[in-house]
Amino acid sequence: MSHPPFSLRFLPLLLCLASWMPARPAHAQQYQDPSMLEPEEMAMPSDPDSEDEEEEGTSARGRGKKGKGRKGQEDEAQDEAASAADQDAGVGVAPTPAAPAAPVPPEPVVRPPPAPILTPRISDADLQAAWVKWRDAVAALDNEAARAAQQELVTLRDEVAALDMESVSVGFIRAAEGRRKARDEAGAMLLVEHAAALSPHLPYARLALAQAHAERSPEAVGKYSREFKAALGLMLKDPRYRRPVLADFATVGLVALLATAVVVVGVLFVRRVRFLFHDFHHFFPRAAAHWQSGALAVLLLFGTPLALRWGVVPMLLLLLGSVSLYLSRSERAVATLLLVLAALVPLAAGKLAQSAVFAGTVAEDVYVLEHGGIDVEPVAERVRARHEKKQAGFAELFALGRFEARRGQMQEAIAHYKAAMALRAGHAPLMTNLGNALLATGDMAGAERLYTQALSADPGLAAPAFNLAEVHRRRAAVAPDSQISTHNQKARDALETAGRLDRRLLMWERPPDERLTMNRLLLGPVLPLSDLPVVEDANLAAHVEAQLSSRLLGGGSGISAWGPLVLGALLVSLLGFARGTFKPSHECEKCGRPVCRRCDKELGVASKLCAQCVNVFSRKIVVEARVRARKHIEIERKRQWASGVSYVFGALVSGAGHLFNGLTVRGTLYAFLFLFGVAGLALRSGVLRSPYGEVPLYLKLAPLLILLIPIHLLSLRGLYRHQNE
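Set out below in structure tokens:
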């Protein structure tokens, strides 16, 4: 009997061990849904024991086929049964893997909105309260509280974007004068500096600062000369000061012109009146004395205009006409021109009053609203009242809206801006200010549209481009990520445009977000001076003209008053050309006596010497030496007398001596300049009111004295040289 192979002896033992091992039910318990598995987990893991069993089973089957035993067939049946059991347990087949889930989009980044634009409502009462704090602190000698109040005033001025706080600055200037009297130079300087800081456009503040520098450091000429120059520049720019100054200047010029006409005609009349008396005496019988005819001539020349109240210019015209036959051509031309100008003085004064007046007008209300500051609300009420009556113009509504916007009254400002735009569309500063108000109230689209239109209307205005950059900056803060760079680039382009137009914007610093007020963040262009309402009060002009015409022209007004005088002056000038027809007497070149052919028939028509001089100098053999000597003494005495009279006239009025000696043009110029200075001294108080009083008196006296003294000395020097030639 043959024994089975050695490996078959362990086959029952291996089958028993295989039946005792678990068939991986744990996977089925852990994953209830096969689709939740990963592909690696869904595949069955390899078992080394199973591999050994398969290898042994294969070899056993091989051997069974070779041996064709029943035992091998039973082993194969057991393997198939085990495989079927594994399939029933759900482990042998791997499910199809599920598709990966779509990626979840990231949550959008939430950015904080831009800081809101603040528009605090500030009234005159708030500004007045800060001023009262400073005044009470000064009265209590509390320096810390005074400095805090001063700083509060500066802050409030910046909050309301006021150009000046003039009444407060004037108060500081007056307080500085008190400190100066108390020998507190440092305190006075500090107050004046605060006054200039609060009102940089106030000329008086600059003048006070210049005076303080001059008194504190006289050697620092650059400091106070710079302040003087700034004060004069501000005075010429500000119409409230420029118009009174120009009115005073023009008034002094008109008075000097009238005085020059009086001096020129008077000197010419005094110089030639003796020839008039000589010829006038020929109209009387031989029995009449010269004093009788002369007295009658004086009575006619001066009594008639005074009795009839002709006025100054008609009287001058009468005097000039009485001696026009004895004057040279240059003397007649100069005198006629002066009389024509003197006749037009009332008309010029009326036009001056019509154009130079500024105080109490609509233009002053507009200007005060534009400057802002303290005590402006009454002016705003006047403009509102005119607007309700449909009497307010474009400039008034513009200034009122800008004042209300700076004070935080946004809805009122927008309404008045729109009313102004209805009167004048396409005004770039108006559209810019309206855009500021819309942006402050949250209407960025409307603000952007207005800024763009303002840039198109006036490409040279920097404010709309600068404010447009703020619109794009705010859009970038709330825009999607894809549009941020676009808005930022637009903001940079707008800022570059504004910087090219106004270099000062390159140094601008953005205010902090916690105090982002409209007045500090946005630029609001002011009303151009050319847009100020034209002040033309025809009634005032007519009143001034009539008042002066009654005193200068003898009554009437308009062309009916000055027209006949101008025509008369021209006729008087032409009367001199009739000299050959009337054959009046003239002056002897030697002794100055009248050369009259009516008195001496033997004189030639063109004789320049009187009968005595002809006998003394031309007919020497006829006249004794003693008589000739006496004539020479008479001529010398006449020359000395004329020289003395010339010096007296020249000492009284510069140029009068030149006129007496026949130097008409030079004497007239000297006389006008001298009388201009004298009129300035006489009218140093001015003729029109200026805000907060007049400028210091030394500013008026110094230029006038600088003009008067050299002119007078030069005139006397020229007269002396002419007398000694």
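Under mature numbering (1 follows the signal peptide of the UniProt record, and there is no 0), the residues of the sequence shown are numbered -28 to -1, 1 to 697, in order.
Even for Gly, the Cβ is constructed at its ideal location relative to N, Cα and C.
Would you kindly check if the distance between the Cβ of residue j and the Cβ of residue i is under 8 angstroms?
i      : j      : result
Leu369 : Ala392 : yes
Leu240 : Ser294 : no
Ala628 : Phe621 : yes
Tyr196 : Ile145 : no
Val355 : Asp96  : no
Ala180 : Ala219 : no
Cys585 : Lys610 : no
Ala367 : Asp509 : no
Gly548 : Ser296 : yes
Ile683 : Ser626 : yes
Phe632 : Val617 : yes
Ala371 : Val338 : yes
Ala417 : His444 : no
Val126 : Ala160 : no
Ser590 : Asp251 : no
Leu635 : His694 : yes
Ala321 : Leu226 : yes
Leu647 : Ala231 : yes
Leu433 : Pro497 : yes
Leu128 : Leu99  : yes
Leu520 : Leu289 : no
Leu691 : His630 : yes
Ile89  : Leu488 : yes
Val132 : Arg379 : yes
Grab the span of the alpha helix (DSSP H) containing residue i for me, first residue to last.
i      : result
Ser139 : 138 to 153
Leu524 : 510 to 524
Tyr692 : 669 to 695
Val193 : 193 to 209
Trp613 : 597 to 624
Asn587 : Here Asn587 belongs to no alpha helix (DSSP H), and DSSP marks it neither H nor E.
Gln100 : 96 to 111
Lys323 : 317 to 328
Gln381 : That residue, Gln381, is in no alpha helix (DSSP H); it is neither H nor E in DSSP.
Tyr423 : 416 to 429
Tyr664 : Careful: Tyr664 lies outside any alpha helix (DSSP H) and carries neither H nor E.
Ala651 : 636 to 654
Asp114 : Note, Asp114: premise wrong, no alpha helix (DSSP H); not H, not E.
Thr458 : 453 to 473
Glu442 : 434 to 450
Asn408 : 400 to 412
Met479 : From DSSP, Met479 is part of no alpha helix (DSSP H); its letter is neither H nor E.
Phe632 : 628 to 632
Pro536 : 531 to 547
Ser294 : 284 to 295
Asp337 : 334 to 343
Ser265 : 262 to 270
Pro350 : 349 to 360
Glu169 : Checking the displayed sequence, the identity of residue 169 turns out to be Ala instead of Glu. Taken as a continuous stretch (DSSP letters only), the alpha helix (DSSP H) holding Ala169 covers 157 to 170.
Ala177 : 175 to 188
Ala279 : 276 to 280
Would you list the one or two residues that DSSP bridges to residue i?
i      : result
Val567 : His558
Thr489 : Leu90
Would you grab the beta carbon distance between residue i and residue j for me? Rounded to a whole angstrom, and I think it's under 8 angstroms.
i      : j      : result
Lys323 : Ala513 : 6 angstroms
Leu494 : Asn408 : 5 angstroms
Arg188 : Glu157 : 6 angstroms
Arg139 : Ile346 : Reading the sequence as shown, one finds Ser at residue 139 and not Arg. Contact flag correct, Cβ pair sits at about 5 angstroms.
Leu501 : Pro85  : About 40 angstroms separates the two Cβ atoms, so there is no contact after all.
Ala385 : Thr404 : Going by Cβ atoms, the distance from Ala385 to Thr404 rounds to 13 angstroms, so no, they are not a contact pair.
**Report entry** Cβ pair count under 8 angstroms reaching 3, the region 538 to 553 against the region 323 to 337
**Finding:** Contact between the region 538 to 553 and the region 323 to 337 is absent, with fewer than three C-beta pairs closer than 8 angstroms.
Query raised in the report: Taking one C-beta from the region 648 to 667 and one from the region 255 to 273 each time, how about it: are there three or more such pairs within less than 8 angstroms?
Result: Flag = no, the region 648 to 667 and the region 255 to 273 do not touch.
Report task. Assess, as a yes-or-no matter, whether the region 364 to 382 is touched by the region 337 to 345 under the definition of 3 or more beta carbon pairs within less than 8 angstroms. Result -> In this structure the region 337 to 345 touches the region 364 to 382; the number of beta carbon pairs closer than 8 angstroms is three or more.
Query raised in the report: How do the region 224 to 243 and the region 306 to 315 stand: do at least 3 beta-carbon pairs fall below 8 angstroms, yes or no?
Result: The region 224 to 243, when compared against the region 306 to 315, does touch it at the 8 angstroms Cβ threshold.
Query - contact_flag[the region 438 to 453, the region 414 to 429] where n(CB pairs < 8 angstroms) is 3 or more - result: Result yes; three or more Cβ-Cβ pairs closer than 8 angstroms.
Report task. Check whether the region 200 to 220 touches the region 159 to 175, counting contact only when three or more Cβ pairs, one atom from each stretch, lie closer than 8 angstroms. Result -> The region 200 to 220, when compared against the region 159 to 175, does touch it at the 8 angstroms Cβ threshold.
Query raised in the report: Is the region 602 to 614 touching the region 267 to 287, taking contact as three or more C-beta pairs under 8 angstroms?
Result: Cβ pair count under 8 angstroms is below three, so no.
Query raised in the report: If we count Cβ pairs, one from each stretch, closer than 8 angstroms, do we get three or more for the region 533 to 541 versus the region 309 to 317?
Result: At 8 angstroms Cβ cutoff, the stretches touch.
Query - Stretch pair the region 113 to 120 + the region 471 to 480: three plus CB contacts closer than 8 angstroms - result: The answer is no - the region 471 to 480 does not touch the region 113 to 120, with fewer than three Cβ pairs under 8 angstroms.
Query raised in the report: Taking one C-beta from the region 515 to 533 and one from the region 279 to 286 each time, how about it: are there three or more such pairs within less than 8 angstroms?
Result: Under the 8 angstroms Cβ criterion, the region 515 to 533 counts as touching the region 279 to 286, having at least three qualifying pairs.
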